[in-house]
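What follows is a set of notes on a single structure, which appears directly below.
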Amino acid sequence: MSSDIKTFLIILVVCLLQCAHSLKKEDCEVCFTVLERFSAEITDEMKSKPQLIEEEFKKFCKTTSNSNNSNKLKENKFCYYLGGLEESATSILRDLSKPMSYSLPVDKLCERLNSKVGGICALRYERTIDLKTVDLKKLKVRDLKKILSDWDEDCEGCIEKTDFIKRIESLKGKYLKDEL
């Protein structure tokens, strides 16, 4: 094969790998949820004007403030990171409004925002896990760690997912009381 064809094939493979690795909702759930809800609230007139999008986002962020709801607090933190709150230290609202004005999909927008502010995709909603019915093997390691953390337990020497599962299984009797 000629070097031009090899180069073309390498570029093609890299592009395909990048397309296959697009951000999923579960990877960046707060960003996806907030932006989907926000974009559904703005009118077609606003969607074409970045300045109006920014003003509307600030109004939207006010609904996340002063709440005892942990999900609202995560959304409030998201707004803080972007600069949608008065107390935000910095503002990258232009990085939100400009791409929104030309209808960039939410997954691509969250990817861009995550590259600007690394903590955005680390925001996760609190999940309630019913330990009596859940299959622990289907949970992610971070969820298993959260279960142990909620119980104020640790897992010394745990490296593999199976180590965390064994530790949780050994402690279930202590923390899950069978109701009569």
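Numbered according to mature numbering (1 follows the signal peptide of the UniProt record, and there is no 0), the sequence shown spans residues -22 to -1, 1 to 158. All C-beta atoms in this analysis are idealised placements derived from N, C-alpha and C, irrespective of residue type, glycine included. Just so we're clear, the structure is a prediction, and the values are computed from it rather than from any experiment.
The closest CA to that of Y58, considering only Q29, T140, I98, L87, is found on I98.
In this structure, E32 places its C-beta atom within 8 Å of the C-beta atom of S75. The beta carbon of L149 sits closer than 7 Å to those of W129, E131, all from its chain and outside the five residues before and after it, given in chain order. In the DSSP assignment, T11 falls within the alpha helix (DSSP H) that extends over 7 to 19. In this structure, C9 places its C-beta atom within 8 Å of the C-beta atom of F56. Counting every other CB atom within 10 Å of its CB across the protein chains shown gives L154 a total below 16, marking it as exposed.
Taking 8 Å as the cut-off, the beta carbon of F38 is found no closer than this to the beta carbon of L71.
For E4, the closest alpha carbon among the candidates I(-13), D121, L109 is that of D121.
The alpha-carbon of T(-16) is positioned some 44 Å away from that of M24.
Residue F142 holds the alpha-carbon nearest to the alpha-carbon of L114 among E53, F142, S(-1), E89. Here the C-alpha atom of K52 lies approximately 12 Å from the C-alpha atom of R105.
Per DSSP, the continuous alpha helix (DSSP H) segment holding R72 begins and ends at 71 to 79.
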